[in-house]
Amino acid sequence: MMTERKFREQEVQIARYRLLEREVTDPLAASLLHIIILELEADLQTDCDTEHQSAAYVKHV
């Protein structure tokens, strides 16, 4: 289960990669950073979805 602190830390990490993506001049590096951002966002969304499902299950039980 993701804590609020872990969630915020991951958001900060995504923001840092976004900043790097804007500043980098090498197209390959920018593409790789973009892929990393997409994967981190997907992980964050998956963790959030899992927490919501867990909370709904607990309420149901």
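Numbering (the working numbering), first residue to last: 46 to 106. Backbone N, C-alpha and C define an ideal beta-carbon position, used for all residues, glycine too.
Is the separation between the beta-carbon of residue i and that of residue j shorter than 8 Å?
i: Tyr62; j: Ile82; result: yes
i: Leu78; j: Glu66; result: yes
Residue range of the alpha helix (DSSP H) that residue i falls in?
i: Val69; result: No alpha helix (DSSP H) contains Val69, which DSSP labels as neither H nor E.
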